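S.K.: Here the protein sequences line up with chains P and R, keeping their order. Reading the first sequence from the start, the letters are residues 3 to 115 in the numbering used here. Reading the second sequence from the start, the letters are residues 1111 to 1222 in the numbering used here. Backbone N, C-alpha and C define an ideal beta-carbon position, used for all residues, glycine too. Keep in mind it's a predicted model, so treat the numbers as computed, not measured.
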Amino acid sequence: DGGITQSPKYLFRKEGQNVTLSCEQNLNHDAMYWYRQDPGQGLRLIYYSQIVNDFQKGDIAEGYSVSREKKESFPLTVTSAQKNPTAFYLCASMWTGVTGELFFGEGSRLTVL
Amino acid sequence: SQKIEQNSEALNIQEGKTATLTCNYTNYSPAYLQWYRQDPGRGPVFLLLIRENEKEKRKERLKVTFDTTLKQSLFHITASQPADSATYLCALALGGANNLFFGTGTRLTVIP
């Protein structure tokens, strides 16, 4: 079945460590996105990529980095510069067609100890 | 600044009744509006999209209205069931999905 796979589902990190969250899709979508979700707040856009080897900052990109070397993959690195990294991270993709419907992965919950 | 409000953080409703969720926005002229369902610990799932020139959209027991004058969308679930219990998110698009702004969500509980 086609879809988006995020891993790991749960991740614990010590302060000062970088961590990379994986996102893979087999939907043949051009565009991919990373969102962060915190209690009581809407999803906030971290980074997005509309084509391989190109990506743009979203509203809260500070302390994060991404790469898009393959169409299927869009990993997110949470760096030690991110001041409050504990959150639920969601990857999404979209076919740049008519509807603008986002397909989301199951999310990765990062906890900084 | 841009703002999206969903009427309440939580809504409880009796099974079989119609649930109505509200999404209000300010300072936007959205190209379209979307509704998603999110279960605890899961990613959101797309439900419906309605464009600025559409007044109403239906899909099975779901109905969405869009009033650009009132800057409001209403999301209705008719004949609600306990399986409809989830958090529902509205999202406004100002163009492409890189300009998609999400509300905080309304947690719906359908009581048997």
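1. With respect to the beta strand (DSSP E) encompassing P/S51, which residues constitute its N-terminal and C-terminal limits?
2. Any idea if P/S43 is buried or exposed, counting beta-carbon neighbours within 10 angstroms, 16 or more meaning buried?
3. Could you say if the stretch 52–64 of chain P and the stretch 106–113 of chain P meet the contact criterion of at least three C-beta pairs nearer than 8 Å?
4. Per the contact definition of three or more C-beta pairs closer than 8 Å, is the stretch 1117–1125 of chain R in contact with the stretch 1172–1179 of chain R?
5. How many angstroms separate the CA atom of P/C93 from the CA atom of P/E64?
6. Under 7 Å Cβ to Cβ from R/L1204, same chain only, skipping five residues before and after it: list those, please.
7. R/N1209 by DSSP, collapsed to three states: which one?
8. Is there a Cβ from chain R that is less than 8 Å from the Cβ of P/L23?
9. Which residues in chain P sit within 8 Å of R/R1152, going by Cβ to Cβ distance?
10. Thinking P/L29 and P/G5 are a contact (beta carbons under 8 Å), I'd like their distance in whole angstroms, please.
11. Would you decide whether P/Q8 is buried or exposed? Buried here means 16 or more other CB atoms lie within 10 Å of its CB.
M.R.: By the coordinates alone:
1. 46–53
2. For clarity, residue 43 of chain P is Gln in the given sequence; the question names Ser instead. So P/Q43 ends up on the exposed side.
3. With a cut-off of 8 Å, the stretch 106–113 of chain P and the stretch 52–64 of chain P do not count as touching, because too few Cβ pairs lie within range.
4. no
5. 17 Å
6. Closer than 7 Å at Cβ, skipping near neighbours: Y1138, P1140, A1141.
7. helix
8. Chain R contact via Cβ: absent.
9. E108, G109
10. 7 Å
11. Burial call: buried.
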